[in-house]
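Line by line, the protein sequences give chains A and B. Following this note's numbering, the numbering of the first sequence begins with 250 at its first residue and continues without gaps. Following this note's numbering, the numbering of the second sequence begins with 250 at its first residue and continues without gaps. Glycine included, each C-beta is placed from N, C-alpha and C at the ideal position. Remarks on the structure that follows.
Number of protein chains: 2
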Amino acid sequence: MLKPEKYDPLKRSVAHVLDIIGEGWSILIIREAYFGSRRFEDFQRHLGIARNILTGRLKKLCANEILDRVPIKEGAKRHEYVLTAKGKELMPLLISLTHWGDKWVFGENAEPVIFLDRDHREPIKKMKVYSSRGVALRPRDIMVVAGPGASQEAQQRIEELNLAFDSPVDEPPG
Amino acid sequence: MLKPEKYDPLKRSVAHVLDIIGEGWSILIIREAYFGSRRFEDFQRHLGIARNILTGRLKKLCANEILDRVPIKEGAKRHEYVLTAKGKELMPLLISLTHWGDKWVFGENAEPVIFLDRDHREPIKKMKVYSSRGVALRPRDIMVVAGPGASQEAQQRIEELNLAFDSPVDEPPG
DNA sequence: TACAATAAGTTTTTATTTGAAACTTATTAA
DNA sequence: TTAATAAGTTTCAAATAAAAACTTATTGTA
């Protein structure tokens, strides 16, 4: 989708991540892994994905250490694909996706699946953005600044962006 | 990517959402919109996306009410693309994506961008999954049940899935 | 042991999607 | 009035995806 040189300035942050997990099927494969699929045939059957595409996606997810390809048993030639810590930490992403769909695609009382807190069997909290003090934030309450990994251009664009946002609309030009 | 009939059983939940926002570029376009881009040329310049592809993506995002296409001024033929409420609520998704990339792709002290709470200019909380009681949950603390919108097959698969998970590994067969 | 079935891919062929670049038609600015 | 910019559309080549058949292990069973 994107050439590496095109990652800069500002989009690099997310574009690079999307190159790893954003291809068609990849998210669904990761989700299937959460749901307990481990073997090639499990993924294939449950997702109905073409086998050659599945091969490619599994390879890429393994290359990026989202999945680990481990022999079924010592020395076996068949493998299982299991989530790494890196893969497991995509949970917030997966649940954000699900919650958004529940609200905006399927609608209240038509959710296809519900995530529960295993201990109490109660639905988990809806995914939200919180301040460090624990206050839920709306999009307008959030701003962006350049991080230590920002390129020159990214820094510049972010500054412009913040200027544009901060300036009150009705401020007189002088 | 997917034919609608293939949404069932379990993957429908997320697959349908991915059909709306999962195509290459769509997420980046939404992100650009957060960052203040509104016009065709803004998106095109900042993302470096091919114009015909951009046209297609904007159409689809509008059709799905992520973006709203409004005339620049009363009766004008040029338009701006602005996020709808539905679009704005993708914020948790975008930030989940960013935080994950910060940790696993760029690494500590190399984050390209940082989201701040505007009021206090402090980094926001890392996206996490919480129980309804406010306790942070790990993947293993979460389980899934069929919602009211689950198909028959989905219900069945989820049940199998929970059985598989709940049964202690070392339980004797009889 | 042998036979069939299943698992895990690979190969081949076809269809769909992308991407780049040139082209068109408004609108704005000088 | 002319030039420049904006917002697309069209065309065509290259890359990707999908479907189906094929291959090679491994497992289960009579």
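Bounding residues of the beta strand (DSSP E) (the contiguous stretch that carries ASP317(A)): Taken as a continuous stretch (DSSP letters only), the beta strand (DSSP E) holding ASP317(A) covers 316-320.
Whole-angstrom C-beta distance between LEU296(B) and GLU281(B), which should lie under 8 Å: Correct: roughly 6 Å between the Cβ atoms.
Proximal residues to PRO388(A) (C-beta, below 8 Å), its chain only, five neighbours per side dropped: Non-local C-beta neighbours of PRO388(A) in its own chain, meaning closer than 8 Å and more than five positions away in sequence, are absent.
Neighbouring residues, chain A, relative to VAL367(B) (Cβ below 7 Å): This sequence places Arg at residue 367(B); Val is not what is there. Taking a Cβ-Cβ threshold of 7 Å, the residues of chain A close to ARG367(B) are ASP390, ILE391 and MET392, in chain order.
Pairwise C-alpha distance: PRO397(A) and SER416(B): In this prediction, SER416(B) has a pLDDT of 49, which is less than 50 and means its spatial position is unreliable; what the coordinates show is noted afterwards. If I take the Cα positions, the gap works out to 47 Å.
Those residues which DSSP pairs with PHE364(A) across a bridge: PHE364(A) pairs with VAL393(B).
Rounded C-alpha distance that separates TYR379(B) from LYS377(A): Taking the straight line from one Cα to the other gives about 10 Å.
Selection of the stretch 265-285 of chain B by Cβ proximity to chain A, strictly under 9 Å: Cβ contacts with chain A: HIS265, VAL266, LEU267, ILE269, ILE270, GLY271, GLU272, GLY273, TRP274, ILE276, LEU277, ARG280, GLU281, TYR283, PHE284 and GLY285.
Chain-order list of residues whose beta-carbon lies under 6 Å from that of LEU310(A) (same chain, five-residue window excluded): In chain order, LEU316 place their CB closer than 6 Å to the CB of LEU310(A), counting only its own chain and leaving out the 5 sequence neighbours on each side.
The stretch 320-332 of chain B touching the stretch 361-375 of chain A, judged by at least three CB pairs closer than 8 Å: Verdict: no, contact absent.
GLU357(B): first and last residue of the uninterrupted beta strand (DSSP E) it sits in: Looking at the DSSP string, GLU357(B) is not in any beta strand (DSSP E), and its letter there is neither H nor E.
Test: TYR330(A) CB closer than 7 Å to a CB of chain B: Residue contact with chain B for TYR330(A): absent (no Cβ-Cβ distance below 7 Å to any residue of chain B).
Burial state of ALA359(B), where buried means 16 or more other Cβ atoms lie within 10 Å: When all chains shown are included, ALA359(B) counts as exposed.
Where HIS265(B) sits in the DSSP three-state scheme: Per DSSP, reduced to three states, the secondary structure at HIS265(B) is helical.
Residues of its chain near PRO422(B), where Cβ-Cβ distance is below 6 Å and the 5 sequence neighbours each way are ignored: Reliability of the predicted coordinates at PRO422(B) is poor, the pLDDT of 32 falling under 50, and the value obtained from them is presented with this limitation in mind. Hits under 6 Å: none found.
Close Cβ partners of ILE344(A) (< 8 Å) along its chain, the five nearest in sequence each way excluded: Within the same chain, and ignoring the five residues on either side of ILE344(A) in sequence, the residues whose Cβ sits closer than 8 Å to its Cβ are PHE364, ILE373 and MET376.
Candidates VAL362(A), VAL394(A) and ILE276(A): closest to LEU410(B) by CA position: Ranking VAL362(A), VAL394(A) and ILE276(A) by CA distance to the CA of LEU410(B) puts VAL362(A) first.
Distance, VAL384(B) Cα to LYS352(B) Cα: One C-alpha to the other measures close to 21 Å.
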